[in-house]
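Heads up: the structure comes next, in structure tokens.
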Amino acid sequence: MESQADSYDFAETIDQITRGVAPLPLFRAPLMPEQQNASGRLVEAEVLVMKGRHKEAHALCMEALAARRDDPFAFYVLGLIANEHGAYAKAAELLEKAVRGPNDARVHAQHARALSHLHRPLEARAAAERALACKPDDAHTLDTIGVVLSRAGLHAMALAPFARAVALSPENASFNFNYAASLQFSGHFEEAESAYRRAYALDQNAVRALSALPHLRRQTADDNLIAELRAAFERTKDAGHRLHLGHALAKTFEDLGDYAQSLAWLNAAKSGVKQRAQCAAERDRSLFEAAASAIHAKSAAGGGDAIFVVGLPRTGTTLTERILSSHPAIRTAGELGDFGLLIKSAAATPSPFVLDPDALKAAARLDLAPVGAAYLAGVEKRLGEPGRFVDKMPLNFFYAGLIHRALPDARIICLRRDPMDSCLSNYRQLLATGLSSYDYTLDLETTAAYYAGFDRLMAHWREALPPDRFTELHYEALVSDIETEAKRLIAFIGVDWDARCLQFQENEAPVATASSVQVRAPLYTTSIGRWRRYGDALAPLRTALEREGIQIADG
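As numbered in the working numbering, the sequence shown has no gaps in its residue numbers, which increase by one up to the final residue, 555.
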């Protein structure tokens, strides 16, 4: 769809319709067409939405509903408009009416889209599967289905609709980009590179496609994209575009061994957005304080199948997940937001954030047994059967106390890493840009403060949680002696040792994180002490950490 659409307030009329009040046209006097003519207008309305002409499309829907108050296609087009305006709750309400009509892939796909944005992944997946069952043959619907499946972590399942969307509309840069990302997450790196290149060739504004390329493989002096990336960086004034392009250049110069240039590009990339880090700093402090207050009475028992792998990003969480899920008795559920969403729902706090200090405080006073039961039921439905599983949502470290209360038999494995390497790895990695939870990584000082808060919270969990339910795993120990550490983890979980845990790089499960390339390669130790390669350029980071009371090893 076109990126620029007309902007207008359509909420009041839609509210009147869904309350059963006679629809009142907003934009012109109502016509009274025959119902067969209304159908043609709704087809026209859908086309208008695709062109970004939402106001005209809305008016046609009003006319159709004046002729037939329960017209499902009119509700579909209104739901489509609501989705385009980000009004996902209203879109879901409208599309619930639309799905009562004839079985239509477009309707189910848009319903899935709304549910996905409302953090209802199981319902979204079911709606996406209903859309696929209709055998859609238009590229936009197929791409929408693929996006929903990807948001649910089902990247392998998303490949087919994405591929079909590209086949039907090969000149669409967005479809090619989405297909490329899914290929990357599924481990098909050569195909991903081709699709990213197609996306950028089709649209020079698709800088995320260009920026993704250096992350697929090591860059060399003879084979790199420095000229293209620099030109794109200088051409754009968009801070988000510069963030992606600058990170790609930083990765390239790091591959080339020019660490000063690498850090310079990281700083340049973040310069236009670093104010977000300052805005997030106070909220992050409140989060750490609220999380520590969550240890009270726990439920009687339950949750023994759940294994939570937590920690700061880029500290070995994905590697640990791959090792564990290579065991035949343990599956991966991916990075689930389920536990946090259930806590937010139980706490019923008004903040728009899921990870919310007030929600953590409120949950400390609740009976969390229902949360634990709902969480396990959701995972079982997602995986298809009961059994041990890994939930690798790194930020679940905030919920460790609540997890133990809701699921007392669950195991929690927290990854630790050298403070300087942890902060550098977070700063140099472009984490989910749409999540304010990672805004701390946009500035070195706020990254240091966040690390210190994390370190204090983990010290608290060490004291507050039983050692047979909570353990820490140091990245340096894991990569230096993987067999010893893997055996310790398997014993901690309570299953028999299986040597397949050491063949983690053969694990074919999709990886939708920054580690999607690394975890499919043999183990290496070159990331230990990476910060030392940057020399005095990282002196401000060291100073900030030491100011927070964090000791830095010089050896």
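C-beta: ideal position from N, C-alpha, C; glycine also.
The beta strand (DSSP E) runs of length 3 or more contained entirely in the segment 354–409 are, from start to end of the chain, 388–391.
The DSSP assignment places 419–427, 444–464 as complete runs of the alpha helix (DSSP H) inside the segment 401–466, in order along the chain (cut-off: 4 residues).
Glu472 is not a Cβ neighbour of Arg533, given a cutoff of 8 Å.
Going by DSSP, His474 is part of no alpha helix (DSSP H) but of the beta strand (DSSP E) stretching over 470–474. Setting aside the 5 residues that flank it on each side, Ala292 is surrounded in the same chain by Leu457, His460, each with a C-beta closer than 7 Å to its C-beta; the list follows chain order.
The continuous alpha helix (DSSP H) containing Ala277 extends over residues 275–292.
Selection Lys55, Glu93, Pro386 evaluated against Ala114 yields Glu93 as nearest (Cα-Cα).
Residue ranges of uninterrupted alpha helix (DSSP H) with 4 or more members, entirely inside the segment 132–218 and ordered along the chain, are 139–151, 155–168, 173–185, 189–202, 207–212. Non-local C-beta neighbours of Ala105 in its own chain, meaning closer than 7 Å and more than five positions away in sequence, comprise Ala131, Cys134, Pro136, Thr141, ordered along the chain. Beta bridge pairing from DSSP links Ile330 with Arg388. Taking every protein chain shown into account, the CB of Cys61 has 16 or more other CB atoms within 10 angstroms, so this residue is buried. With fewer than 16 other CB atoms across the displayed protein chains lying within 10 angstroms of its CB, Tyr524 is exposed. With 16 or more neighbouring CB atoms inside 10 Å of its own CB, Pro161 falls in the buried class. Burial is judged here by how many other beta carbons sit within 10 angstroms of a residue's own beta carbon; Trp497 has fewer than 16 and is exposed. DSSP places Gly311 outside any alpha helix (DSSP H); the residue lies instead in the beta strand (DSSP E), whose first and last residues are 306–311. Contact annotation: Ala64 and Asp70 have beta-carbon atoms that are not nearer than 8 Å. For Ala374 and Leu368, the gap between their C-alpha atoms comes out near 10 Å. Proximity to Asp443 across Ala499, Gln278, Tyr451 peaks at Gln278, based on C-alpha coordinates. In the DSSP assignment, Trp265 falls within the unbroken alpha helix (DSSP H) covering 259–270. Three or more Cβ pairs closer than 8 Å define a contact, and the segment 339–347 meets that threshold against the segment 375–393. Residue environment analysis places Thr220 among the exposed positions, since fewer than 16 neighbouring C-beta atoms fall within 10 angstroms of its C-beta. DSSP places His108 inside the alpha helix (DSSP H), whose first and last residues are 105–117.
Rounded to the nearest angstrom, the gap between the Cα atoms of Ala346 and Gly384 is 25 Å.
Counting every other CB atom within 10 Å of its CB across the protein chains shown gives Lys97 a total of 16 or more, marking it as buried.
Take the alpha-carbon of Leu263 and the one of Ile412: they are about 34 Å apart. In the three-state reduction of the DSSP assignment, Asp71 falls in the coil class, being assigned neither a helical nor a strand state. DSSP places Ala486 in the uninterrupted alpha helix (DSSP H) bounded by 482–493. Taking C-beta atoms as the reference points, Ala363 and Ala294 count as a pair closer than 8 Å.
For Tyr524, the secondary structure class from DSSP, reduced to helix, strand or coil, is coil. Boundaries cannot be given for Asp498, as no alpha helix (DSSP H) includes it and DSSP labels it neither H nor E. Taken through DSSP and simplified to helix, strand or coil, Arg100 comes out as coil.
Secondary structure at Ile550: coil, using DSSP grouped into helix, strand and coil. Judged by beta-carbon spacing, Gly334 lies within the 8 Å limit of Lys392, meaning their Cβ atoms are closer than that value. Here Pro352 is exposed, its C-beta having fewer than 16 other C-beta atoms within 10 Å.
For the pair of segments examined, the segment 424–437 was found not to touch the segment 319–332: the number of CB pairs separated by less than 8 Å stays below three. Within the same chain, Pro72 come within 8 Å of Pro102 by CB-CB distance, once the 5 residues on both sides are set aside.
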